[in-house]
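This note's numbering puts the first residue of the sequence shown at 491, with every later residue one more than the last.
Positions of the beta carbon are idealized from the N, C-alpha and C atoms, including for glycine.
Everything on this sheet refers to the single structure shown next.
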Amino acid sequence: MFLHRPLEEKDIPVVCGLPQNADELFYMFPRAVYPFTPAQLRDALESRYDSTVIEMNGEVVGYANFSRCEFRGRCSLGNVIIAPHARSRGVGRYMISCMMDIAFDKHEATELTATCYNHNVPGLLFYPRMGFKPYSIEERRDKQGARVAVIHLRLPRSAD
491 MFLHRPLEEK DIPVVCGLPQ NADELFYMFP RAVYPFTPAQ LRDALESRYD
541 STVIEMNGEV VGYANFSRCE FRGRCSLGNV IIAPHARSRG VGRYMISCMM
591 DIAFDKHEAT ELTATCYNHN VPGLLFYPRM GFKPYSIEER RDKQGARVAV
641 IHLRLPRSAD
């Protein structure tokens with residue numbers, strides 16, 4: 491039902507259409523400006539690793555990458571988003587599992603980290619179900635200058 495593969499040029503407009511509003515884009519990519527454009531995504535790709543799309547029945551419905559990737563060190567999830575119509579259907583679980591495999595198998599990472607903003611309740615509830623544990627909270631500002639909390643979570647590599 492699901493397939494993952496590296497991002498291709500043809501996927502860029504589709505990925506840019508996944509965030510449905512400025513809040514979703516902020517959760518996915520805080521530095522981007524809504525509406526998300528292919529130029530913004532292409533610029534971001536220069537500093538991202540393992541950009542991956544998830545297909546459901548041949549349609550791109552998810553996207554993620556690593557904002558940080560250290561061989562035998564830490565990999566950090568970035569730009570995670572699922573299409574609204576594909577949420578609560580197992581796509582997120584599949585996507586994060588794929589990114590875990592890439593981090594721990596390809597990069598031999600010691601841990602995988604994620605960040606989640608306090609307003610993103612679905613994300614805050616999802617990551618612990620995948621084994622991530624919160625380890626730090628940091629104050630930031632949203633696009634309107636309001637105080638927000640970013641919760642940092644980590645998943646250590648399991649003992650083999």
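Legend entry - Rounded C-alpha distance that separates Glu629 from Ala593: Approximately 27 Å, taken between the alpha carbons.
Legend entry - Residue nearest to Pro509 in terms of C-alpha spacing, selected from Val570, Glu498, Gly548: For Pro509, the nearest C-alpha among the options comes from Val570.
Inset, instruction - Taking all protein chains shown into account, decide if Met491 is buried (16 or more other Cβ within 10 angstroms of its Cβ) or exposed. - result: Exposure of Met491 is indicated by the presence of fewer than 16 other C-beta atoms within 10 angstroms of its C-beta.
Legend entry - Own chain partners of Pro496 with C-beta closer than 8 Å, once the 5 adjacent residues on each side are dropped: Within the same chain, Pro496 has close Cβ partners Asp540, Ser541, Thr542, Val543.
Inset, instruction - With a 10 Å radius around its C-beta and 16 neighbouring C-beta atoms as the bar for buried, classify Tyr584 as buried or exposed. - result: Counting C-beta atoms within 10 angstroms of its own C-beta, Tyr584 has 16 or more neighbours from the protein chains shown and is therefore classed as buried.
Legend entry - Rounded C-alpha distance that separates Gly580 from Arg562: When rounded, the distance between both Cα atoms is 29 Å.
Legend entry - Opposing strand residues paired with Cys588 [DSSP bridges]: Looking at the DSSP assignment, Cys588 forms no beta bridge with any residue, so it has no partner.
Inset, instruction - Decide yes or no for the touch test of the stretch 635 to 646 against the stretch 594 to 605: beta carbon pairs closer than 8 Å, at least 3 of them. - result: Yes, since at least three Cβ pairs between the stretch 635 to 646 and the stretch 594 to 605 fall closer than 8 Å, the two stretches touch.
Inset, instruction - Just the C-alpha distance for Ser578 and Pro618, rounded to the nearest angstrom, thanks. - result: When only Cα atoms are considered, Ser578 and Pro618 end up about 16 Å apart.
Legend entry - Integer-rounded CB distance, given that Leu614 should sit under 8 Å from Glu545: The beta-carbon distance between Glu545 and Leu614, rounded to whole angstroms, is 26 Å. This is too long to meet the 8 Å contact definition.
Legend entry - Distance between beta carbons of Gly552 and Ala534, contact taken as under 8 Å: Not really, about 17 Å apart at Cβ, beyond 8 Å.
Legend entry - Unbroken beta strand (DSSP E) run spanning Ala639, endpoints: Looking at the DSSP string, the run of the beta strand (DSSP E) that includes Ala639 is 637 to 646.
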